[in-house]
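A short write-up of the structure that comes next.
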Amino acid sequence: MNAKLTKQNIEYEVDLIINEAKKQNQKIITQLFENRELKDIRLLANLLIQQSDLWVLFAAKTENAHLIFAHPESADYNLNELLNQVVHLIDGRGGGRPNFVEAGGKNISGIQQALECARVIVENSI
């Protein structure tokens with residue numbers, strides 16, 4: 737698929753997610769992706785935190801396990817701390833900016849637990 741069409745699809749997806757979150761009064765979006773390009777998941781996370789006050793907890797199953805956590809710049813919380821608390825569940829390493837972190841690891845079977853633990857930690861922090 738060409739890059740422009742992919743970006744348009746992701747922008748449409750962002751609108752859907754934001755509208756659905758508003759309807760359900762959600763502040764945290766948690767999603768596990770399979771067979772999706774990491775660059776597209778990164779773009780989706782970036783657009784969500786730029787266009788809303790949502791916290792994003794994404795995971796991706798590819799040949800490895802990946803975690804992508806993000807929140808708006810206005811939130812006062814260092815996501816590196818969150819990542820450090822759950823990255824062992826995927827046998828991974830990672831890091832990033834205080835509002836956007838990413839990790840990769842070998843243990844795909846731990847990805848769901850990492851996502852659930854991250855959500856609980858965030859729910860208790862915001």
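Positions 737 to 862 (my numbering) are the ones given, in order, by the sequence shown.
Glycine is no exception: its CB is placed at the ideal position from the N, C-alpha and C atoms.
Keep in mind that this is a model prediction, so the values were computed, not measured.
Between which two residues does the beta strand (DSSP E) containing residue i stretch?
i, result
"A795", "791 to 797"
"A801", "801 to 806"
"E838", "836 to 841"
"L768", "764 to 770"
"G831", "828 to 833"
On the criterion of 16 or more Cβ atoms from any shown chain inside 10 Å, does residue i qualify as buried, or is it exposed?
i, result
"V720", "This structure cannot settle anything about residue 720, because the visible part of the chain is limited to 737 through 862."
"E859", "exposed"
"G831", "exposed"
"A854", "buried"
"I862", "exposed"
"N756", "With the sequence shown as reference, residue 756 is identified as Glu, and Asn is not the correct amino acid for it. With fewer than 16 other Cβ atoms within 10 Å, it is exposed."
"S810", "exposed"
"E838", "buried"
"L790", "buried"
From this set, the options, which residue's C-alpha is nearest residue i's C-alpha?
i, options, result
"L819", "D812, E809, L851", "L851"
"P808", "R833, K842, E770", "R833"
"I857", "N738, I764, L741", "I764"
"I746", "D789, I804, E773", "E773"
"A795", "D751, I754, L752, F769", "F769"
"Q787", "Q848, Q849, Q760, Y748", "Y748"
"Q762", "R778, V792, K740, N771", "V792"
Residues in the same chain with beta-carbon distance under 8 Å from residue i, minus the five sequence neighbours each way, listed in chain order, please.
i, result
"N731", "This structure does not reach residue 731, given that the chain is present from 737 up to 862, and the question cannot be answered."
"N782", "A806, F836"
"G846", "A801, L825, I826, D827"
In chain order, what residues of the same chain lie with their CB nearer than 6 Å to the CB of residue i, ignoring the 5 residues before and after it?
i, result
"G840", "N800, H802, G828"
What span of residues does the alpha helix (DSSP H) with residue i cover, start to end?
i, result
"I753", "739 to 759"
"A781", "774 to 787"
"A811", "Careful: A811 lies outside any alpha helix (DSSP H) and carries neither H nor E."
Looking only at its own chain, which residues have a Cβ that is under 7 Å from the Cβ of residue i, when we skip the five neighbours before and after it?
i, result
"T742", "D776"
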